[in-house]
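29 is the number of the first residue of the sequence shown in our numbering; add one for each residue after it.
Glycine residues also receive a C-beta, built at the ideal position from the N, C-alpha and C atoms.
Notes follow once the structure below has been shown.
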Amino acid sequence: MSETSDGDNGLVVELSRAARRLQRPDSETEALQLIVTGAVDTVPGAEQAGVSLLHRDGGITSAATSDATVDEVDQLQADYQEGPCVTALREQHTVMVDDLTAETDRWPRFAPDAAALRVASMLSFHLFTRDDTVGALNLYSGIPRGFGTESQLLGGLFAAHAAAALGGARHVAQLHRALATRDVIGQAKGILMERFELDADTAFQLLARSAQDANMKLVAVARWLTRAETPDERDT
29 MSETSDGDNG LVVELSRAAR RLQRPDSETE ALQLIVTGAV DTVPGAEQAG VSLLHRDGGI
89 TSAATSDATV DEVDQLQADY QEGPCVTALR EQHTVMVDDL TAETDRWPRF APDAAALRVA
149 SMLSFHLFTR DDTVGALNLY SGIPRGFGTE SQLLGGLFAA HAAAALGGAR HVAQLHRALA
209 TRDVIGQAKG ILMERFELDA DTAFQLLARS AQDANMKLVA VARWLTRAET PDERDT
């Protein structure tokens, strides 16, 4: 059996702590905040961190950061559609930048603006789950060559845990939305059943036909109907 160095033990301890913090976040917002704070605490050289999310239409937004300046830098990448984050997302790999001032050919708009905000080096990780890409984790340093091999190794392991936590939080949010949709449709069916003395199937068919005729989503018609049936608080 090979011996484990003190340095390796330290990496394992830090990663274990970070993984425990990322377990079972209550919401996507909480997951994002845990990721940015955990990344700074865990990855060597990381002074600040941010998470950018990839949307179904291909858009990228800055979702959470550990600092106002980082929020501005992440937003620059989203606006310009270029930078380490965008490259990590499009090419699905890790991007390490030793010195942003030397990257004007690769990212002609982003690099000088980020350097002007005193960002010298960056490390961006593609965040993905088994089913989908969810975004990118961006780490920042104010000095050139702020990240090394250890940063890449530990950051990559942390990013894997982060993606799983974020994906899990999104799944929970989707379940909550589905339950809320089911509830409002059920309320609308109940209103139609009571008003027109219909059974449940006929009430649903009427609701669905109304949505089709109005060229609206079923849940939108259901919400409209339930709001219409709620007494105006100004009249009470």
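Rounded to whole angstroms, what is the Cα-Cα separation between residue i and residue j?
{"i": "residue 242", "j": "residue 234", "result": "12 Å"}
{"i": "residue 231", "j": "residue 249", "result": "13 Å"}
{"i": "residue 240", "j": "residue 246", "result": "8 Å"}
{"i": "residue 71", "j": "residue 85", "result": "31 Å"}
{"i": "residue 167", "j": "residue 74", "result": "6 Å"}
{"i": "residue 105", "j": "residue 163", "result": "13 Å"}
{"i": "residue 148", "j": "residue 211", "result": "51 Å"}
{"i": "residue 80", "j": "residue 124", "result": "16 Å"}
{"i": "residue 57", "j": "residue 238", "result": "36 Å"}
{"i": "residue 221", "j": "residue 195", "result": "39 Å"}
{"i": "residue 95", "j": "residue 64", "result": "10 Å"}
{"i": "residue 214", "j": "residue 55", "result": "25 Å"}
{"i": "residue 118", "j": "residue 156", "result": "12 Å"}
{"i": "residue 146", "j": "residue 152", "result": "17 Å"}
{"i": "residue 62", "j": "residue 90", "result": "15 Å"}
{"i": "residue 191", "j": "residue 83", "result": "15 Å"}
Helix, strand or coil for residue i? Go by DSSP, reduced to three states.
{"i": "residue 65", "result": "helix"}
{"i": "residue 93", "result": "strand"}
{"i": "residue 167", "result": "strand"}
{"i": "residue 156", "result": "strand"}
{"i": "residue 124", "result": "strand"}
{"i": "residue 180", "result": "helix"}
{"i": "residue 253", "result": "helix"}
{"i": "residue 82", "result": "strand"}
{"i": "residue 8", "result": "Outside the shown range of the chain (29 to 264) lies residue 8, about which nothing can therefore be said."}
{"i": "residue 150", "result": "strand"}
{"i": "residue 77", "result": "strand"}
{"i": "residue 162", "result": "strand"}
{"i": "residue 246", "result": "helix"}
State buried or exposed for residue i, treating a residue as buried only when at least 16 other CB atoms are found within 10 Å of its CB.
{"i": "residue 76", "result": "buried"}
{"i": "residue 224", "result": "exposed"}
{"i": "residue 256", "result": "exposed"}
{"i": "residue 229", "result": "exposed"}
{"i": "residue 227", "result": "exposed"}
{"i": "residue 154", "result": "buried"}
{"i": "residue 176", "result": "exposed"}
{"i": "residue 92", "result": "buried"}
Using beta carbons (cut-off 8 Å, strictly below), is residue i in contact with chain B?
{"i": "residue 87", "result": "Judged by its chain identifiers, the structure shown contains no chain B, having just a single protein chain."}
| request: Scan the segment 98-143 and note each continuous alpha helix (DSSP H) run of 4 residues or more that stays entirely inside, going in chain order. | output: 112-119
| said: Check whether the segment 126-137 and the segment 172-192 are in contact - that is, three or more C-beta pairs closer than 8 Å. | reply: yes
| query | How do the segment 179-196 and the segment 105-116 stand: do at least 3 beta-carbon pairs fall below 8 Å, yes or no? | reply | Contact fails: fewer than three Cβ-Cβ distances are below 8 Å.
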